[in-house]
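In my numbering, the protein residues as written are 39 to 532.
Positions of the beta carbon are idealized from the N, C-alpha and C atoms, including for glycine.
Here the structure is laid out as structure tokens; the discussion comes afterwards.
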Ligand SMILES: *Cc1c(COP(=O)(O)O)cnc(C)c1O
């Protein structure tokens with residue numbers, strides 16, 4: 039059955055998957071959603087015998103129905119290859135009584151690689167299928183990890199350019215170095231004097247600017263997005279939820295058909311939404327536990343049904359979750375509202391007043407989710423506790439999820455098997471991880487810390503980290519929020 043895509047804000051066009059991937063954001067500022075969720079027509083026992091690529095194919099072919107089998111298989115083969123440091127692609131490891139799904143074995147050691155290693159292939163294939171001759175300009179705002187993963191994916195891809203905006207001072211040292219050392223003539227990296235929400239709002243504004251679109255078109259350019267607002271980011275992420283389930287069946291931790299929980303460290307709500315789509319497809323998932331750091335706007339939302347971004351933006355040691363406007367939540371709101379009109383109303387309230395409140399029926403429709411948060415201190419305590427008890431070293435984002443899960447179990451006594459989604463390598467956030475284990479490490483410089491982390495974790499230093507140790511800085515542009523458009527025009531020469 040063909041799956042089509044439409045805007046969460048009611049724009050009348052219904053378009054194919056490849057067109058939605060090309061456009062990124064709908065013309066009315068809405069996000070594309072599938073008009074129907076395909077069902078996962080595979081026996082869970084059969085899943086256990088499949089490899090990552092086969093499962094990715096099942097999921098992608100269910101949602102991206104206007105791509106041919108050959109096209110999808112070629113995209114998958116080009117994405118999940120030796121760029122990953124393990125053939126498993128996303129190992130599910132047992133630590134104590136809990137499972138962690140490690141999504142950080144790709145080129146830039148964060149979970150964004152899971153989708154961004156395939157998005158350039160889906161996008162260039164989409165351009166061919168739709169006879170697009172314009173050069174595609176990927177415009178991206180990043181809280182730290184998307185930027186590098188997108189740069190790595192799009193660098194030197196013919197027919198594309200990529201521009202990344204990151205909050206200057208709002209990302210880890212390693213994250214910043216990874217981005218500013220990026221090679222490729224089609225890449226451009228800009229630090230913004232503002233936070234992630236400022237950068238994301240600036241990017242969305244450019245997407246919605248019809249006159250800018252016109253100017254670009256005259257010069258043979260068109261925008262697309264590598265942010266999780268692009269459905270081409272979201273769908274590949276559904277695959278690893280199915281994969282995690284298949285691993286638990288394979289190792290005998292669960293019986294085929296038995297339900298499991300997922301705990302997801304959340305910022306822009308893209309990762310956990312993919313888990314929700316997996317559940318809607320029919321994967322036996324009970325609860326999706328949304329884990330926040332001190333920027334706990336989502337925790338408050340799930341507790342009270344009120345989304346309120348009017349609060350202090352807090353910089354934490356899990357910077358990729360330092361977000362107050364979670365873009366992908368709009369896809370869930372649209373679903374629970376059951377209509378684009380109501381969703382549009384809420385999004386208007388969000389942009390004008392910074393707050394909206396769901397009604398009782400809509401709140402009831404959120405029942406698949408639980409939520410928790412971890413303070414900075416709790417997170418550091420969790421990283422240390424798990425290390426002391428098991429020797430496993432996790433990054434600060436995974437630490438938030440792990441801590442939230444511990445609190446969840448003590449509050450609910452829910453014994454459903456759970457998978458904690460591990461979103462980054464500890465090497466990416468070495469300072470915060472190491473000082474959680476022992477504050478004395480804080481006196482070391484960033485690269486000395488990496489050596490110590492290697493000793494403590496007994497995990498090899500990833501290539502992604504080795505690479506930047508001596509790399510040349512190639513990007514040093516910094517701009518104010520109101521100059522983002524000027525930077526884009528400058529880079530494109532329009
Ligand atoms: C992006 C990111 C998150 C948040 O994921 P969302 O899809 O934005 O909710 C969590 N952890 C890490 C390491 C990330 O890079």
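Ligand 1 heavy atom lying under 7 Å from the CB of residue i
i           : result
residue 266 : yes
residue 306 : yes
residue 417 : no
residue 147 : no
residue 151 : no
residue 159 : no
residue 217 : no
residue 462 : yes
residue 358 : yes
residue 309 : yes
residue 181 : yes
residue 184 : yes
residue 303 : yes
residue 143 : no
residue 435 : yes
Outcome for residue i when other beta-carbon atoms lying within 10 angstroms are tallied against a minimum of 16
i           : result
residue 214 : buried
residue 379 : exposed
residue 511 : exposed
residue 60  : buried
residue 415 : exposed
residue 369 : buried
residue 151 : buried
residue 140 : buried
residue 367 : buried
residue 125 : exposed
Beta carbon of residue i nearer than 8 Å to that of residue j
i           : j           : result
residue 436 : residue 138 : yes
residue 470 : residue 434 : yes
residue 392 : residue 348 : yes
residue 259 : residue 175 : yes
residue 388 : residue 345 : yes
residue 68  : residue 47  : yes
residue 94  : residue 114 : yes
residue 273 : residue 97  : yes
residue 278 : residue 84  : no
residue 276 : residue 177 : no
residue 519 : residue 465 : no
residue 159 : residue 116 : yes
residue 183 : residue 358 : yes
residue 363 : residue 235 : yes
residue 237 : residue 227 : no
residue 301 : residue 329 : yes
residue 455 : residue 294 : no
Residue i - DSSP class collapsed to helix/strand/coil
i           : result
residue 478 : helix
residue 409 : strand
residue 260 : strand
residue 437 : helix
residue 137 : strand
residue 158 : helix
residue 504 : helix
residue 430 : coil
residue 176 : strand
residue 444 : helix
residue 56  : helix
residue 91  : helix
residue 72  : strand
residue 469 : helix
For this session: Only counting runs of 3 or more residues, tell me where the beta strand (DSSP E) segments fall wholly within the region 329-391, in order along the chain.
Result: 344-346, all fully within the region 329-391.
For this session: Only counting runs of 3 or more residues, tell me where the beta strand (DSSP E) segments fall wholly within the region 268-313, in order along the chain.
Result: Those beta strand (DSSP E) runs which fall completely within the region 268-313 and span 3+ residues are 298-303.
For this session: Mind listing, in chain order, the continuous alpha helix (DSSP H) runs of no fewer than 4 residues lying wholly within the region 178-215?
Result: Counting only runs of 4 or more, we get 183-192.
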